[in-house]
Amino acid sequence: MRMKSLVVLSATAVLGAALGWAAAAASYQKTGTVKEVAADSFTLDLGKEEWRFYTDGSTAGKDALKAGDKVTVTYKQVATKIESKGGAKKEAAKAPAKKK
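Residues -24 to -1, 1 to 76 (mature numbering (1 follows the signal peptide of the UniProt record, and there is no 0)) make up the sequence shown, in order.
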């Protein structure tokens, strides 16, 4: 009985972690007209602005893109690298200590 409970608890934890990871990066959509298609990217004309989207081997539908097509792009904003340029200076370090 303990083994069955442990397996159920472990499976629940793994499923919860997977769902949390999947929800971490929100999905967004843009709809517009394809202006230009390159091997690894395309430009979408949104009317007042243009956006460039980069694609890779896992991007569904990229092979069917043609200039002039009206498409809806689903994308995620995910950081790929973060470089620190120095921390914020502490205000407490600047203020002189009060004397009584």
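Beta carbons are placed, not taken as given, at the ideal position from N, Cα and C, and that holds for glycine. Being a predicted model, the structure only gives us computed values, none of them experimental.
For Glu25, there is no enclosing beta strand (DSSP E), as DSSP gives it neither H nor E.
As computed with DSSP, Asp21 is found in a beta bridge with Thr9 and Glu26. Here Ala43 really is in contact with Glu12; their C-beta atoms are around 6 Å apart, less than 8 Å.
One alpha carbon belongs to Ser3, the other to Ile58, and they sit about 21 Å apart. For Lys38, the secondary structure class from DSSP, reduced to helix, strand or coil, is helix.
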